[in-house]
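**Q**
In the numbering used here, the protein residues as written are 89 to 607.
(1) Starting from residue 546, follow its DSSP beta bridges and name the residues at the other end.
(2) Let's test the definition: count the other Cβ atoms within 10 Å of the Cβ of residue 534 and tell me whether it reaches 16, buried, or not, exposed.
(3) So does the region 336 to 347 actually touch the region 281 to 299, counting three or more Cβ pairs closer than 8 Å?
(4) What are the complete beta strand (DSSP E) segments, minimum 3 residues, inside the region 474 to 532?
(5) Assign residue 462 to one of three DSSP states: helix, strand, or coil.
(6) Please tell me whether residue 471 and residue 490 are closer than 8 Å, where the distance is taken between their beta carbons.
(7) Using the beta-carbon count (16 or more within 10 Å), is residue 93 buried or exposed?
(8) Do you know whose CA, among 497, 397 and 246, lies nearest residue 478's CA?
(9) Please state whether DSSP places residue 608 in a helix, a strand or coil.
(10) Tell me which residues share the same chain as residue 564 and place their Cβ nearer than 7 Å to its Cβ, disregarding the 5 neighbours each side in the sequence.
(11) Expressed to the nearest angstrom, what Euclidean distance is found between the alpha-carbon atoms of residue 462 and residue 579?
(12) Short check: CB of residue 403 to CB of residue 423, under 8 Å?
(13) I need the DSSP call for residue 576, collapsed to helix, strand or coil.
(14) Counting only runs that start and end within the region 189 to 245, where is the alpha helix (DSSP H) found for 4 or more residues in a row?
(15) Report back the beta-carbon spacing between residue 452 and residue 516 to the nearest angstrom; my notes put them in contact at under 8 Å.
(16) Just curious, the beta strand (DSSP E) that residue 595 is in, first and last residue?
(17) Where does residue 681 sit, in a helix, a strand or coil, going by DSSP?
(18) Just grab the DSSP bridge partners of residue 539 for me.
(19) Please name the residue or residues paired with residue 269 in a DSSP beta bridge.
(20) Can you round the beta-carbon distance between residue 425 and residue 352 to whole angstroms, since I take them to be within the 8 Å contact cut?
(21) Could you spell out where the alpha helix (DSSP H) holding residue 557 opens and where it closes?
(22) How is residue 155 classed by DSSP in three states: helix, strand or coil?
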């Protein structure tokens with residue numbers, strides 16, 4: 089069994105991955121093969137092939153696939169080694185093709201541990217060591233599997249020794265406390281925000297497709313569709329639509345609740361030795377870490393459903409965090425799931441070590457009325473475009489599409505106008521202490537507090553329509569997360585003054601040159 093990693097081990101000794109890796113791979117492949125074999129078994133039985141022949145053949149096939157997978161993974165395990173030196177973490181594969189990958193230790197941003205149920209059964213984890221760059225498979229190393237005890241010690245060593253000379257002095261954490269400080273822990277009342285998330289309609293819609301696929305595997309698709317058609321065909325169209333929507337909503341709500349439990353059971357956000365750590369997960373456990381010296385701010389996100397019932401989520405704004413397309417399962421940015429809005433601001437304050445979160449304390453300046461007009465035109469134009477397209481198709485194909493076009497216009501215009509006005513009310517920008525704050529969005533409202541010292545540049549854009557309205561969009565460029573944070577549709581004079589005040593001297597030479605030119 090692999091031994092633990094200590095400071096004395098950092099002399100460059102090559103180590104092997106956990107020797108249980110082939111067994112883990114064999115069981116994984118066997119499970120996948122078994123899942124694929126079930127529909128094949130059912131469809132073959134319908135063709136008249138006896139089960140006494142199918143079952144032994146299937147068992148032999150599954151065992152053969154698992155055995156081949158185990159052999160292949162044993163080759164990988166036998167010829168794979170890793171080592172940790174004072175300067176680098178290296179991963180080497182030496183067999184037919186020799187490959188060496190390495191990550192400089194001063195570039196390491198995250199060391200995250202993940203364990204699905206199978207890995208947990210064997211007491212091992214997958215370790216991902218990341219540099220935080222946005223793309224490319226050479227920006228991280230994956231050590232899988234390692235014994236959990238070894239992985240925990242390895243993470244502690246790598247993150248404790250990471251240095252960040254470029255970090256502003258204001259972001260330096262306080263001396264480490266004697267033990268982990270718990271910033272937030274799961275409150276099961278937060279589960280009420282799960283059904284109002286965007287996953288509910290997605291899961292509900294996917295359930296119908298899943299039902300059709302499973303019924304096809306068992307040769308029952310025509311029977312299932314026939315019975316559903318008979319049940320719904322006896323009822324008016326409005327009742328039929330209401331029943332389908334209700335069934336979809338119920339399935340979506342149950343699915344979103346189950347997803348919340350899987351993602352966030354056992355959630356704890358702690359601070360220890362300059363690290364913020366998120367522990368969470370039911371079947372697949374995750375332990376995600378963030379060096380506080382990488383923090384450049386905090387973001388409070390309020391998806392529309394959660395916002396309507398007073399909920400908000402907290403994300404980190406930090407250098408070296410790869411944006412993963414909003415995937416909650418492995419995204420280290422999310423430090424707090426949807427929770428009461430007041431609690432979200434309190435947790436944000438704890439994260440940035442401020443008495444009051446800048447996302448709450450900042451006095452945001454409203455944007456010009458021209459910004460409201462732009463949003464109204466976009467919203468109304470989008471509805472009319474969709475309605476007009478349906479009307480055109482209706483004149484060519486079916487009167488049903490004409491009715492749908494009218495319904496879209498009648499129902500869609502009030503909703504679009506309401507969302508446009510809400511989007512305008514949510515626009516704002518301001519400065520509080522060491523942070524600049526920007527807010528935008530309606531379907532998902534985002535309030536971002538960004539360290540002024542973390543802004544490395546400004547990008548200013550103005551379309552022809554914005555110029556006519558005297559508006560521009562500022563983008564505060566930073567090394568954190570997505571690379572820039574926008575201040576949408578701000579007045580030209582106010583926007584330039586805000587940028588110059590937020591980061592004095594960065595924009596001043598260009599403003600002075602513009603003044604001289606205009607004179």
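All C-beta atoms, glycine included, are put in the ideal place defined by N, C-alpha and C.
**A** In short:
(1) Answer by DSSP bridge pairing, in chain order: 564.
(2) By the neighbour-count rule (16 or more Cβ atoms within 10 Å), residue 534 is buried.
(3) Yes, the region 336 to 347 touches the region 281 to 299.
(4) Complete beta strand (DSSP E) runs here, min 3: 516 to 520 and 523 to 528.
(5) The answer is helix: DSSP assigns residue 462 an H, G or I state.
(6) Contact annotation: residue 471 and residue 490 have beta-carbon atoms that are not nearer than 8 Å.
(7) Residue placement at residue 93 cannot be trusted, given a pLDDT of 42 that sits under 50; what the coordinates show is reported in the next sentence. By the neighbour-count rule (16 or more Cβ atoms within 10 Å), residue 93 is buried.
(8) The shortest Cα separation from residue 478 among 497, 397 and 246 belongs to 497.
(9) What is shown of the chain runs 89 to 607, which leaves residue 608 out entirely.
(10) Contacts found: 524, 538, 543, 546, 572 and 573.
(11) Straight through space, the alpha carbons of residue 579 and residue 462 are spaced by roughly 13 Å.
(12) Yes.
(13) DSSP places residue 576 in the strand class (E or B) of the three-state scheme.
(14) Taking only runs of at least 4 residues, the alpha helix (DSSP H) segments lying wholly in the region 189 to 245 are 205 to 210.
(15) Indeed they touch by this definition, with Cβ atoms about 3 Å apart.
(16) Boundaries cannot be given for residue 595, as no beta strand (DSSP E) includes it and DSSP labels it neither H nor E.
(17) There is simply no residue 681 to check, as the chain begins at 89 and stops at 607 in what is shown.
(18) Residue pairing by DSSP places residue 539 opposite 523 in a beta bridge.
(19) Per DSSP, 359.
(20) Rounded, the Cβ-Cβ distance is 5 Å, consistent with contact.
(21) From DSSP, the alpha helix (DSSP H) with residue 557 extends over 552 to 557.
(22) In this structure, DSSP gives residue 155 a helical state, which the three-state scheme calls helix.
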